[in-house]
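Enquirer:
Numbering (our numbering), first residue to last: 4 to 250.
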């Protein structure tokens, strides 16, 4: 049977029409309105008692030669380390944190700077000793012991919480409760109702902020009276972003 021109055209166009009809209505889906929402960002803070202390001491010696300065510093540093290890006990650590040896130059302000010539008149050796201990209540005793053994400087003193997870969890709970309160207040002001949480994310949850004291020079005379050290408390923060649906 002969196929007429009209029927032949329909047979050619049929696959194309089927393909067009099979395309999903993407454009219609993209035009669907987004759900109305309220987003709040809140910070929760929680305080905790520190259970770890970090200290750093320094032993300094100046001598005419590099070898003499180094040997004198090493001898005193050994005394300080041995004395501190007896104090910190089995749960603490005492270790060398650094060593430096620098020349000492003669200075004469009576000579113009452009005419001065560098002249080494000695060397200064510095041994740094790091201490970590869970006996935070005895930090003052550690300082007195180090000074009595020959330490000349405290490079730093800080307190922290070794296991920060429980404190961080409490801070997140506080941020979540604050976010719910803030969202309810905003919804009431806008005359809408909250439907529930659409999305929640933690932007950051910091470890407890370490309490630090700057380094200070010490002398043997300072060890005559006990050194009072109160660790106080440390603070951790958690930032939470929550999106609530509204109607």
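All residues carry an ideal CB built from backbone N, CA and C; glycine is no exception.
In this text, all values refer to a predicted model and were calculated from it rather than measured experimentally.
Specify whether the region 190 to 207 and the region 234 to 242 touch according to this definition: at least 3 beta carbon pairs, one from each stretch, less than 8 Å apart.
Expert: yes
Enquirer: Quick one: what's got a C-beta closer than 6 Å to residue 130's C-beta in the same chain, skipping five residues either side?
Expert: 62, 76, 80 and 102
Enquirer: Considering only the alpha carbon of each residue, which of 57, 237 and 201 lies closest to residue 250?
Expert: 201
Enquirer: Take residue 237 as the anchor and find which of 188, 246 and 166 has the nearest alpha-carbon.
Expert: 166
Enquirer: Here's a check: name, in chain order, each residue in its chain whose Cβ is nearer than 7 Å to the Cβ of residue 100, leaving out the five neighbours to either side.
Expert: Excluding the 5 residues flanking it on each side, residue 100 has same chain C-beta neighbours closer than 7 Å at 59, 131, 132 and 133, in chain order.
Enquirer: For the 8 Å Cβ check, are there 3 or more pairs between the region 46 to 59 and the region 145 to 159?
Expert: Flag = yes, the region 46 to 59 and the region 145 to 159 touch.
Enquirer: Given residue 36, which residues of its chain have a CB within under 8 Å of its CB, disregarding the five upstream and five downstream residues?
Expert: So no residue of the chain qualifies.
Enquirer: Where in the region 79 to 116 do unbroken runs of the beta strand (DSSP E), each at least 3 residues long, occur, reported from the N-terminal end onward?
Expert: 96 to 108
Enquirer: Terminal residues of the continuous alpha helix (DSSP H) containing residue 143?
Expert: 142 to 152
Enquirer: Residue 157 lies in the beta strand (DSSP E); which residues open and close that run?
Expert: 156 to 163
Enquirer: Rounded to whole angstroms, what's the CA-CA distance from residue 91 to residue 153? Just pull it up for me.
Expert: 17 Å
Enquirer: Could you name the residues that DSSP lists as bridge partners for residue 55?
Expert: 163
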